[in-house]
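Undergrad: Plus 486 on top of the position in the sequence shown (first one is 1) and you've got this note's numbering. All C-beta atoms, glycine included, are put in the ideal place defined by N, C-alpha and C.
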Amino acid sequence: MSSHGAPRPMTARPSRGLSGVADVPGDKSISHRSLILGAMAVGETRVTGLLEGQDVLDTAAAMRAFGAEVTRDDDGMWRVYGVGVGGFAEPEQVIDCGNSGTGVRLIMGAMATTPIAATFTGDASLNSRPMGRVTGPLEGFGTQAYGRAGGRLPLTLVGAADPVPVDHTLSVPSAQVKSAVLLAGLNAPGQTVVRETEATRDHTERMLTQFGAEVSVEREGAHSVITLTGQPELTPQEIVVPRDPSSAAFPVCAALITDGSDVLVPGIGLNPTRAGLYETLREMGADLTYENEREEAGEPVADLRARFSPDMKGIEVPPERAASMIDEYPILSVVASFAGGETMMRGVKELRVKESDRIDAMAKGLRAAGVTVEEGEDWWSVQGRGPGGVPGGARAEARLDHRIAMSFLILGLGAQKGMSVDDAGPIATSFPVFEPLMTGLGAQFVRANA
Numbered sequence: 487m488s489s490h491g492a493p494r495p496m497t498a499r500p501s502r503g504l505s506g507v508a509d510v511p512g513d514k515s516i517s518h519r520s521l522i523l524g525a526m527a528v529g530e531t532r533v534t535g536l537l538e539g540q541d542v543l544d545t546a547a548a549m550r551a552f553g554a555e556v557t558r559d560d561d562g563m564w565r566v567y568g569v570g571v572g573g574f575a576e577p578e579q580v581i582d583c584g585n586s587g588t589g590v591r592l593i594m595g596a597m598a599t600t601p602i603a604a605t606f607t608g609d610a611s612l613n614s615r616p617m618g619r620v621t622g623p624l625e626g627f628g629t630q631a632y633g634r635a636g637g638r639l640p641l642t643l644v645g646a647a648d649p650v651p652v653d654h655t656l657s658v659p660s661a662q663v664k665s666a667v668l669l670a671g672l673n674a675p676g677q678t679v680v681r682e683t684e685a686t687r688d689h690t691e692r693m694l695t696q697f698g699a700e701v702s703v704e705r706e707g708a709h710s711v712i713t714l715t716g717q718p719e720l721t722p723q724e725i726v727v728p729r730d731p732s733s734a735a736f737p738v739c740a741a742l743i744t745d746g747s748d749v750l751v752p753g754i755g756l757n758p759t760r761a762g763l764y765e766t767l768r769e770m771g772a773d774l775t776y777e778n779e780r781e782e783a784g785e786p787v788a789d790l791r792a793r794f795s796p797d798m799k800g801i802e803v804p805p806e807r808a809a810s811m812i813d814e815y816p817i818l819s820v821v822a823s824f825a826g827g828e829t830m831m832r833g834v835k836e837l838r839v840k841e842s843d844r845i846d847a848m849a850k851g852l853r854a855a856g857v858t859v860e861e862g863e864d865w866w867s868v869q870g871r872g873p874g875g876v877p878g879g880a881r882a883e884a885r886l887d888h889r890i891a892m893s894f895l896i897l898g899l900g901a902q903k904g905m906s907v908d909d910a911g912p913i914a915t916s917f918p919v920f921e922p923l924m925t926g927l928g929a930q931f932v933r934a935n936a
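#1: Quick check: the segment 693-706 against the segment 643-653, are at least 3 beta-carbon pairs closer than 8 Å?
#2: Mind checking which residues open and close the alpha helix (DSSP H) that includes phenylalanine 627?
#3: Between the Cα of asparagine 757 and those of Ala508, Arg692, Pro737 and Leu923, spot the shortest distance and give me the residue it belongs to.
#4: Can you give the Cα-Cα distance for leucine 899 and leucine 852, rounded to whole angstroms?
#5: Have a look at the DSSP bridge pairing and note the partners of alanine 882.
#6: For lysine 799, which beta-bridge partners are listed by DSSP?
#7: Alpha carbon to alpha carbon, what distance is there between glycine 503 and alanine 936?
#8: Got a sec? Which residues, its chain only, sit under 7 Å from threonine 775 by beta carbon, not counting five neighbours each side?
#9: Assess contact between the segment 621-635 and the segment 592-604, defined as three or more Cβ pairs (one per stretch) separated by less than 8 Å. Is contact present?
#10: To which residues of the same chain is threonine 721 closer than 8 Å at the C-beta, ignoring the five residues directly before and after it?
#11: Rounded to whole angstroms, what's the CA-CA distance from glutamate 883 to glycine 572? Just pull it up for me.
#12: Indicate whether phenylalanine 736 and phenylalanine 920 have their beta-carbon atoms separated by less than 8 Å.
#13: Which same chain residues, not among the five before or five after aspartate 887, have their C-beta less than 8 Å away from its C-beta?
#14: Touch check for the segment 545-553 and the segment 610-625: three-plus C-beta pairs under 8 Å?
#15: Can you list, in chain order, the residues of its chain whose CB lies under 7 Å from that of methionine 487, leaving out five sequence neighbours each side?
#16: Between which residues of its own chain and histidine 548 is the CB-CB distance below 6 Å, once the five residues before and five after are set aside?
#17: Just to confirm, are histidine 689 and serine 893 a CB contact at a threshold of 8 Å?
#18: Below 7 Å CB to CB, which residues in the same chain sit around phenylalanine 544 once its five sequence neighbours on both sides are set aside?
#19: Kindly indicate which residue of Asp561, Leu818, Ser710 and Ala498 has the alpha-carbon position closest to the one of glutamate 802.
#20: Which same chain residues, not among the five before or five after serine 702, have their C-beta less than 7 Å away from its C-beta?
#21: Helix, strand or coil: which one does DSSP assign to asparagine 613?
#22: Of the choices Leu643, Leu624 and Pro623, whose alpha-carbon is the least far from that of threonine 607?
#23: Looking at the secondary structure, which residues open and close the alpha helix (DSSP H) in which phenylalanine 894 lies?
#24: Tell me the DSSP secondary structure of arginine 853 in three-state form.
#25: Between the Cα of valine 787 and those of Thr759, Phe794 and Glu814, spot the shortest distance and give me the residue it belongs to.
#26: For the ligand NAP, is there any heavy atom lying closer than 7 Å to the beta carbon of valine 703?
#27: Report all residues from its chain with a CB closer than 7 Å to the CB of glycine 636; omit the five preceding and five following residues, and keep chain order.
#28: Can you list, in chain order, the residues of its chain with a C-beta nearer than 6 Å to that of methionine 830? Leave out the 5 residues immediately preceding and following it.
#29: Helix, strand or coil, according to DSSP, for alanine 929 in the structure here?
#30: Closer than 6 Å by C-beta to proline 805: which residues in its own chain qualify, once you throw out the five before and the five after it? Chain order, please.
#31: For glutamate 785, is the classification buried or exposed, using 16 other Cβ atoms within 10 angstroms of its Cβ as the cut-off for buried?
#32: Give the range of the alpha helix (DSSP H) segment to which glycine 707 is assigned.
#33: My understanding is that alanine 772 touches serine 795, with C-beta atoms under 8 Å, so please give their C-beta distance in whole angstroms.
#34: To the nearest angstrom, report how far apart threonine 744 and glycine 562 are at their CA atoms.
#35: For threonine 744, which of helix, strand or coil comes out of DSSP?
#36: On the CB-based measure, 16 or more other CB atoms within 10 Å of its CB, does serine 657 come out buried or exposed?
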């Protein structure tokens, strides 16, 4: 069941010749950070291209609850009137972050070094996800966390009255944990240090610098040491949010597996810490090109052109690439189903603690669609059936997970008998225009009664 209403079953019918321009929404990661850093700056931050999915709207509501003024103009411009670092007020109500692990973890970091208390909750999916990986490092600042077993939501966080900086080594490659620690470090004196052994998306470091914080990054291969000098005054910004590479993955991959397709997806952020899927697709032999390469909001951007690619081959995805494409493995497994040979994916245990156990969810749905999948705790493999070779004709469980729902709907466009999902409702959390965008390209979706 969707967290925002009754289940919305949907079926994707076999489709051909997808074509046109796919204007995907703004990047979700940058949208969250724009609102949070805008609320921690002094003055007005203006944001265009913000993703208006439920996850980001929940973060906007949270910033209002902490005392920032957040408004939207009729032309889509968002304005955030910040209260400064350490200026958050204690919220009068529980902070409901819906389905968003990014939102709740970053917000907890942002308030963790201000002497206030806040209680966080979410939907059934979010409340089942582990928060100890974030609350543990935050306790190093002097923050206190009170929640259910395993550190799960609902959870009350009491901010540190006299915060001290931390030096934290990430135990798992997680941009959410890294970002939470850096945001907490903003209101701690001295230098907060985060050490990572595998590179993760670096939007927080880039945006902190853009807002005027002093951040240094020392890299040696995949190893990084990020040092933040605390207690800056953040300067409000004019932010143009690039389009989301994770959302772009769905029309791109639909074009690759659907006969006769040629789709242009403009303005996609191609930060190296986020572009692993596209590198992988090209290694598989996808007809995927970058056009009009440029830079926006400090991020590399290009227009992506994807065409039907009947000659794709399975590959072994380098495990060190996992952090740069962790959210894209579900849709990659769909593409792998239409390739020739085996696609092996290792170093992906993080998929088991996302909005759902994504390995298990995709494996069960793919098997129901006639695809051979093998799995372990930290790996899985898909045996491709070649172009047009996936039978389909099954109904997959979305498990309150937007990426699972979208992945199986994309699979249905290329499968012989289509594919259904039990609930397309969660898609609105990250990609509210998914259905009209895809049908505008020629995809055939049919809604059904629960």
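TA: Let me spell this out:
#1: These segments do not touch.
#2: For the purposes of this step, residue 627 is identified with residue 141 of the sequence shown, where counting begins at 1. Per DSSP, phenylalanine 627 is not a residue of any alpha helix (DSSP H), being assigned neither H nor E.
#3: Translated into positions along the sequence shown, residue 757 becomes position 271. Nearest option by C-alpha distance: Arg692.
#4: Taking the sequence shown and counting its residues from 1, one reaches residue 899 at position 413. Taking the sequence shown and counting its residues from 1, one reaches residue 852 at position 366. Answer to the nearest angstrom: the Cα atoms are 14 Å apart.
#5: Working through the sequence shown from its first residue, we reach residue 882 at position 396. Looking at the DSSP output, alanine 882 sits in a beta bridge with Val907.
#6: For the purposes of this step, residue 799 is identified with residue 313 of the sequence shown, where counting begins at 1. DSSP lists Gly826 as partners of lysine 799.
#7: Within the sequence shown, numbered from 1, the residue matching residue 936 stands at position 450. Within the sequence shown, numbered from 1, the residue matching residue 503 stands at position 17. At alanine 936, the pLDDT of 44 sits below 50, so the modelled position is not reliable; the number obtained from the coordinates is stated separately. Distance between the alpha carbons of alanine 936 and glycine 503: 30 Å.
#8: Here residue 775 refers to the residue found at position 289 when the sequence shown is read from its first residue. Arg791, listed in sequence order.
#9: Output reads yes: the segment 592-604 touches the segment 621-635.
#10: Counting from one through the sequence shown, the residue named residue 721 turns up at place 235. Leaving aside the five residues that flank threonine 721 on each side, the residues in its chain whose CB is nearer than 8 Å to its CB run, in chain order, Ala527, Val528, Gly529, Phe697 and Gly698.
#11: Here residue 883 is taken as the residue at index 397 of the sequence shown, counted from 1. Here residue 572 is taken as the residue at index 86 of the sequence shown, counted from 1. Inter-residue distance for glutamate 883 and glycine 572 is about 43 Å (C-alpha atoms, whole angstroms).
#12: Indexing the sequence shown from 1 puts residue 736 at position 250. Indexing the sequence shown from 1 puts residue 920 at position 434. With contacts defined by Cβ atoms closer than 8 Å, phenylalanine 736 and phenylalanine 920 form a contacting pair.
#13: Stepping through the sequence shown from its first residue, residue 887 is reached at position 401. Counting only Cβ-Cβ distances below 8 Å, and skipping sequence neighbours, we find Ser611, Lys840, Glu841, Ser842, Arg844, Ala847 and Pro912.
#14: At 8 Å Cβ cutoff, the stretches do not touch.
#15: Locating residue 487 in the sequence shown gives position 1, counting from the first residue. Annotation note: pLDDT 34 at methionine 487 (below 50); position unreliable, no value reported.
#16: Within the sequence shown, residue 548 is the residue found at index 62, counting from 1. The sequence given here places alanine at residue 548; histidine does not occur at that position. Here the set comprises Ile581 and Ile593.
#17: Here residue 689 refers to the residue found at position 203 of the sequence shown. Here residue 893 refers to the residue found at position 407 of the sequence shown. Histidine 689 is not a Cβ neighbour of serine 893, given a cutoff of 8 Å.
#18: Within the sequence shown, residue 544 is the residue found at index 58, counting from 1. Here residue 544 turns out to be aspartate, not phenylalanine, going by the sequence shown. Cβ contact annotation for aspartate 544 (same chain, cutoff 7 Å, sequence separation greater than five): Asp582, Cys583, Gly584, Ser586 and Gly589, in chain order.
#19: By 1-based counting over the sequence shown, the position of residue 802 is 316. A check of alpha carbon separations from glutamate 802 across Asp561, Leu818, Ser710 and Ala498 identifies Leu818 as the nearest.
#20: Position 216 of the sequence shown, counted from the first residue, corresponds to residue 702. Result list for serine 702: Thr713, in chain order.
#21: Along the sequence shown, read from residue 1 onward, the residue named residue 613 stands at position 127. The three-state reading of DSSP puts asparagine 613 in helix, counting H, G and I together.
#22: The residue labelled residue 607 in the question sits at position 121 within the sequence shown. Ranked by Cα distance from threonine 607, the options Leu643, Leu624 and Pro623 are led by Leu643.
#23: As a working note, residue 894 is residue 408 in the sequence shown. 888-900 is the extent of the alpha helix (DSSP H) around phenylalanine 894.
#24: For the purposes of this step, residue 853 is identified with residue 367 of the sequence shown, where counting begins at 1. Three-state result, arginine 853: helix.
#25: In the sequence shown, the residue the question calls residue 787 occupies position 301. Residue Thr759 is the option with its Cα nearest to valine 787.
#26: Absent from the structure shown: the ligand NAP. Ligands present: none.
#27: Start at 1 with the first residue of the sequence shown, and residue 636 comes out as number 150. Excluding residues up to 5 positions away in sequence, Pro616 and Gly618 lie with their Cβ nearer than 7 Å to the Cβ of glycine 636 in the same chain.
#28: Residue mapping note: residue 830 aligns to position 344 of the sequence shown, counting from 1. Glu802 and Ser867.
#29: Within the sequence shown, numbered from 1, the residue matching residue 929 stands at position 443. DSSP, read as helix, strand or coil, puts alanine 929 in coil.
#30: Looking up residue 805 in the sequence shown gives position 319. Answer for proline 805: Arg832 and Gly833, listed in chain order.
#31: Against the sequence shown, residue 785 aligns to sequence position 299. Per the 10 Å Cβ criterion, buried.
#32: For this step, residue 707 is matched to residue 221 along the sequence shown. Element bounds for glycine 707: n/a, residue is neither H nor E.
#33: For the purposes of this step, residue 772 is taken as the residue at position 286 of the sequence shown. For the purposes of this step, residue 795 is taken as the residue at position 309 of the sequence shown. Their Cβ separation, rounded to whole angstroms, is 5 Å, which keeps alanine 772 and serine 795 in contact under 8 Å.
#34: Here residue 744 refers to the residue found at position 258 when the sequence shown is read from its first residue. Here residue 562 refers to the residue found at position 76 when the sequence shown is read from its first residue. Approximately 33 Å between the Cα atoms of the pair.
#35: Position 258 of the sequence shown holds residue 744. The answer is coil: DSSP assigns threonine 744 none of H, G, I, E or B.
#36: Indexing the sequence shown from 1 puts residue 657 at position 171. Exposed, by the Cβ-count rule.
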